[in-house]
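Per numbering that gives the first Met the number 0, the sequence shown starts with residue 0, numbered consecutively.
What follows is a single structure, written as structure tokens, with notes after it.
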Amino acid sequence: MITTAIFPARYVQGNGALDSLGEDLARLGKSVLAVTDSFVLKTLKGRLVDAAAGRVELNIQEFRGECSDEEIERLTALARAMGADTVVGIGGGKALDTAKAVAHALDARTAIVPTLASTDAPCSALSVIYTPEGAFKRYLVLPRNPDLVLVDTGVVANAPVRFLVSGMGDALSTWFEAEDCRIKRGGNMTGRVGPMTAFALARLCYDTLLEYGVLAKSACEQGVVTPALERIVEANTLLSGLGFESGGLAAAHAVHNGLTALEETHHYWHGEKVAFGTLTLLILTDRPPAVLDEVYGFCKAVGLPTTLAEIGLAGVSDERLLLAADRACAEGETIHNEPYEITPQRVLAAMKAADAEGRRRKG
């Protein structure tokens, strides 16, 4: 049996790392298109210009909010016109995925600079494509991982704590999905089975969340960088990224994708919906009560959703929830990596049971 793992070429993390960005970009090319969100333009533009000065030519363009085919085409045309040999994404997950897709269209080098630890997208050879309205459309699997991932934990610590918690929600799924892929011999993002390294990293991700998640949240609430915060940023970004990509995805992310069909969920972050997807996975796959206690307890401790109401679906009808379940079970979805029989009705039942258990524990 052939196993395969994939990794970013260089990972840089630490307080003040942004100031070395120009040095790291200069290893990749000379003409750089920076895809940045509005937060970056307002708060970090000066630091970016200073970091690039004398090292690379930096052209900063604002990202318009959705990683859609239309936005990718717009930015690709700009990058091609300036002769960019490198594309750097700076900001949140959708800006980063857009930058990766633009670099792929140009066959350019890719650098990723997350300003949040809110998803495990930065390290992956993957862009999640949405419609302009924000509904999940497809996965774009890329031929290579980013050449550089750089995370300034000082920037992450000064972002709203909800983003860090959302990242923990995304990372929470990593171990469970990878473990189910291991049992099923399900393919990871390369289409092959992952090696033992991927599953060990996925487990380390989960253990790190349980041990340091609450401490990291407290540090972020104070806007300070501590060893616990550094550990959780690495878990959210690197360990979860390696774990999902080389270990594999299963029900939790498929449920997330299904939930995006319900527009009420669009105001909630990716990791918040993945956290509920993880609870659904635990019910769907009949995990032991002790595991449910551990995961529900963790979600409560750090403030992740455990009910449908907490992702905008209070009072949702079974008919509409079945729409999400149908989407989660679509042909090609990662839920089919589960080593159990999967149907929309079973997924609907698991979603309702996960919600009921969350409400019971709040009572």
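No residue lacks a Cβ here, since even glycine has one placed at the ideal position from N, Cα and C.
With DSSP run on the structure shown, which of helix, strand or coil describes residue 30?
In the sequence shown, the residue the question calls residue 30 occupies position 31. Residue state, collapsed to three classes: strand.
Length of the line joining the Cα atoms of residue 110 and residue 86
Within the sequence shown, residue 110 is the residue found at index 111, counting from 1. Within the sequence shown, residue 86 is the residue found at index 87, counting from 1. Using only the alpha carbons, I get a separation of about 6 Å.
Identity of the residues DSSP links to residue 202 by a beta bridge
As a working note, residue 202 is residue 203 in the sequence shown. According to DSSP, residue 202 bridges with nothing at all.
Determine the contact status of residue 12 and residue 97, defining contact as a CB-CB distance below 8 Å.
Counted from its first residue, the sequence shown places residue 12 at position 13. Counted from its first residue, the sequence shown places residue 97 at position 98. No.
Secondary structure of residue 60, DSSP reduced to three states
In the sequence shown, residue 60 corresponds to position 61, counting from 1. Of the three classes helix, strand and coil, the one that applies to residue 60 here is strand, per DSSP.
Quick check on residue 195: buried or exposed, where buried means 16 or more other Cβ atoms within 10 Å of its Cβ?
Stepping through the sequence shown from its first residue, residue 195 is reached at position 196. Flag for residue 195 reads exposed.
Reducing DSSP to helix, strand and coil, say where residue 149 ends up.
The residue given as residue 149 occupies position 150 in the sequence shown. Residue 149 falls in the strand class under three-state DSSP.
Does DSSP put residue 46 in a helix, in a strand, or in coil?
Here residue 46 is taken as the residue at index 47 of the sequence shown, counted from 1. The answer is helix: DSSP assigns residue 46 an H, G or I state.
Considering only residues of the same chain and omitting the five flanking positions on each side of residue 282, which have a CB-CB separation below 6 Å?
Mapped onto the sequence shown, residue 282 falls at position 283. Hits under 6 Å: 349, 352 and 353.
Decide if the stretch 47-54 is in contact with the stretch 124-136; the criterion is three or more beta carbon pairs, one per stretch, under 8 Å apart.
no
The stretch 194-210 contacting the stretch 236-254, beta-carbon criterion three pairs below 8 Å:
yes
By alpha-carbon positions, which one of 263, 293, 272 and 188 ends up nearest to residue 208?
As a working mapping, residue 208 is identified with position 209 in the sequence shown. Among 263, 293, 272 and 188, the Cα nearest to that of residue 208 is on 293.
DSSP three-state call for residue 126: helix, strand or coil?
Working through the sequence shown from its first residue, we reach residue 126 at position 127. Residue 126 falls in the strand class under three-state DSSP.
Looking only at its own chain, which residues have a Cβ that is under 7 Å from the Cβ of residue 90, when we skip the five neighbours before and after it?
One-based indexing of the sequence shown puts residue 90 at position 91. 35, 36, 38, 39, 62 and 114, listed in sequence order.
May I have the straight-line CA-CA distance separating residue 268 from residue 173, to the nearest angstrom?
Within the sequence shown, the letter at position 269 stands for residue 268. Within the sequence shown, the letter at position 174 stands for residue 173. Taking the straight line from one Cα to the other gives about 17 Å.
Euclidean distance between Cα positions of residue 131 and residue 310:
Translated into the one-based positions of the sequence shown, residue 131 becomes position 132. Translated into the one-based positions of the sequence shown, residue 310 becomes position 311. Approximately 21 Å, taken between the alpha carbons.
Check this for me: beta carbons of residue 92 and residue 67, under 8 Å apart or not?
For the purposes of this step, residue 92 is taken as residue 93 along the sequence shown, with counting starting at 1. For the purposes of this step, residue 67 is taken as residue 68 along the sequence shown, with counting starting at 1. Not in contact: residue 92 and residue 67 (Cβ atoms no closer than 8 Å).
Just to confirm the assignment, what range does the alpha helix (DSSP H) spanning residue 110 have?
For this step, residue 110 is matched to residue 111 along the sequence shown. Element bounds for residue 110: not the alpha helix (DSSP H) but the beta strand (DSSP E), 108-113.
Going by DSSP, which residues form a beta bridge with residue 10?
Taking the first residue of the sequence shown as 1, we reach residue 10 at position 11. Residue 10 pairs with 148.
DSSP state of residue 277 mapped onto helix, strand, coil:
One-based indexing of the sequence shown puts residue 277 at position 278. Three-state result, residue 277: helix.
Taking residue 163 as the reference, which of 42, 221 and 43 has the closest Cα?
Taking the sequence shown and counting its residues from 1, the one referred to as residue 163 is at position 164. Of 42, 221 and 43, the residue nearest in Cα terms is 221.
Count the other C-beta atoms from every protein chain shown that fall within 10 angstroms of the C-beta of residue 317, then say buried if there are 16 or more, exposed otherwise.
Within the sequence shown, residue 317 is the residue found at index 318, counting from 1. So residue 317 counts as exposed.
Determine whether the beta carbon atoms of residue 334 and residue 249 lie at a separation below 8 Å.
As a position in the sequence shown, residue 334 is number 335, starting the count at 1. As a position in the sequence shown, residue 249 is number 250, starting the count at 1. Result yes, Cβ atoms of residue 334 and residue 249 sit closer than 8 Å.
Just the Cα atoms here: how many angstroms apart are residue 82 and residue 183?
Against the sequence shown, residue 82 aligns to sequence position 83. Against the sequence shown, residue 183 aligns to sequence position 184. Straight-line Cα distance between these residues: approximately 45 Å.
Candidates 343, 234, 218 and 224: closest to residue 279 by CA position:
Sequence index remark: in the sequence shown, residue 279 carries index 280 (1-based). The shortest Cα separation from residue 279 among 343, 234, 218 and 224 belongs to 343.
Quick check on this structure: which residue in 338, 296, 323 and 325 has the alpha carbon closest to the alpha carbon of residue 361?
Here residue 361 refers to the residue found at position 362 when the sequence shown is read from its first residue. Nearest of 338, 296, 323 and 325 to residue 361, Cα basis: 296.
Could you pull the DSSP bridge partners for residue 89 from this structure?
Indexing the sequence shown from 1 puts residue 89 at position 90. In DSSP, residue 89 forms a bridge with 35 and 112.
Of all the options 324, 319 and 4, which has the alpha carbon lying nearest to the alpha carbon of residue 256?
Taking the first residue of the sequence shown as 1, we reach residue 256 at position 257. Considering only alpha carbons, the answer is 324.
Tell me which residue opens and which closes the alpha helix (DSSP H) that residue 137 is part of.
To locate residue 137, count along the sequence shown from 1; it is residue 138. Element bounds for residue 137: not the alpha helix (DSSP H) but the beta strand (DSSP E), 135-140.
Using CA coordinates, which residue listed in 357, 65, 44 and 322 is at the minimum distance from residue 345?
In the sequence shown, counting from the first residue as 1, residue 345 sits at position 346. Here the closest residue by C-alpha is 322.
Proximity below 8 Å, CB of residue 8 to CB of residue 144:
Residue numbering aside, residue 8 sits at position 9 when the sequence shown is read from its first letter. Residue numbering aside, residue 144 sits at position 145 when the sequence shown is read from its first letter. Yes.
Rounding to the nearest angstrom, what Cα-Cα distance links residue 263 and residue 326 in this structure?
Start at 1 with the first residue of the sequence shown, and residue 263 comes out as number 264. Start at 1 with the first residue of the sequence shown, and residue 326 comes out as number 327. Near 16 Å, if we compare the C-alpha coordinates of residue 326 and residue 263.
Using a 10 Å radius around the Cβ and a threshold of 16 neighbouring Cβ atoms, would you call residue 29 buried or exposed?
Indexing the sequence shown from 1 puts residue 29 at position 30. When all chains shown are included, residue 29 counts as exposed.
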